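Okay, structure first, notes after.
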Amino acid sequence: MRKISKLIIISITTVFIFMACSRIHTDNPNIGEITVSTQSTPVTTSYRVPERVYEEVEVITLTLAGECYDDKLSDKRKVTEVILNRVSSEKFGNTVLEVVSAKGQFVGYWKQSRPISESDIQIAEEVLTNWYKNNCEALSEYLFFYSGPNRENIFRSEY
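Under this note's numbering, the first residue of the sequence shown carries the number 18, and numbering increases by one thereafter.
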């Protein structure tokens, strides 16, 4: 029974992610638009969208749900940066999935401690957009993190 309910939750979560990702519209398979709402006005930005972007958003949001508390938005951004910085460095893997699913890395990808939230999806989309706009170059110096005090992660560039 427990396996069935877990499978149902995973299925519903996957559908939710893909529905949330439908905010990215593509007339041209290489160009996409994303609308990011700020406190004052929504801003629409065009950028190159690789076909794997939907998978990347899903993988990152699953990881955030396992690695960060929902109210720690800064942590979510930095964890996403760590993932993408590792892809950029090519020392950890060539794709987002390779990086987060590597043995002993990102336990949160395999086991989420909370449901995926709207802020997980929004942050994953925003940071991915910035990364693609930056030609997939590192967004910060962070390559590692660990759990710190006060429910916050500690980020660093060296192990």
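All C-beta atoms in this analysis are idealised placements derived from N, C-alpha and C, irrespective of residue type, glycine included.
Just so it is clear, the structure is predicted and the values come from calculations on it, not from any experiment.
Exercise for review: Taking 8 Å as the cut-off, decide whether the C-beta atoms of Glu-72 and Leu-101 are in contact.
Suggested key: For Glu-72 and Leu-101, no; Cβs fall outside 8 Å.
Check your understanding: Whose C-beta lies closer than 6 Å to the C-beta of Ala-155 among residues of the same chain, with five residues either side of it excluded?
Key -> Residues of the same chain with a CB within less than 6 Å of the CB of Ala-155, apart from the 5 flanking positions on each side, are Asn-102, Ser-105 in chain order.
Check your understanding: With a CB to CB cut of under 6 Å and the five nearest residues on each side skipped, what residues in its chain are close to Glu-107?
Key -> Within the same chain, Glu-107 has no close Cβ partners at all.
Point to revise | Selection from Cys-153, Phe-162, Asp-92, Arg-131 that minimises the alpha carbon distance to Gly-121 | key: Selected option, being the one with the closest Cα: Phe-162.
Practice item. Find out if the Cβ-Cβ distance for the pair Ile-133, Lys-93 is shorter than 8 Å. Key: Cβ atoms of Ile-133 and Lys-93: not closer than 8 Å.
Practice item. With a threshold of 16 other CB atoms inside 10 Å of the CB of Glu-158, please say whether the residue is buried or exposed. Key: Counting of Cβ neighbours within 10 angstroms places Glu-158 among the exposed residues, the total staying below 16.
Review point. Under a three-way DSSP split, which group does Asn-151 fall into?
Key: Note: Asn-151 maps to coil in three-state DSSP.
Check your understanding: So, using beta-carbon positions, are Ile-138 and Val-76 closer together than 8 Å?
Key -> Going by C-beta atoms, Ile-138 is not nearer than 8 Å to Val-76.
Practice item. Quick one: using the 10 Å Cβ neighbour count with 16 as the cut-off for buried, is Lys-128 buried or exposed? Key: By the neighbour-count criterion, in which a residue is buried when 16 or more other Cβ atoms sit within 10 angstroms of its Cβ, Lys-128 is exposed.
**Study point:** Which of helix, strand or coil DSSP assigns to Asn-167
**Key:** Residue state, collapsed to three classes: coil.
Review point. For the alpha helix (DSSP H) that contains Glu-98, what are its first and last residues?
Key: For Glu-98, the uninterrupted alpha helix (DSSP H) segment begins and ends at 90-106.
Review point. With Gly-165 and Val-124 assumed to form a contact (beta carbons below 8 Å), what rounded beta-carbon distance in angstroms separates them?
Key: Contact flag wrong, Cβ pair sits at about 16 Å.
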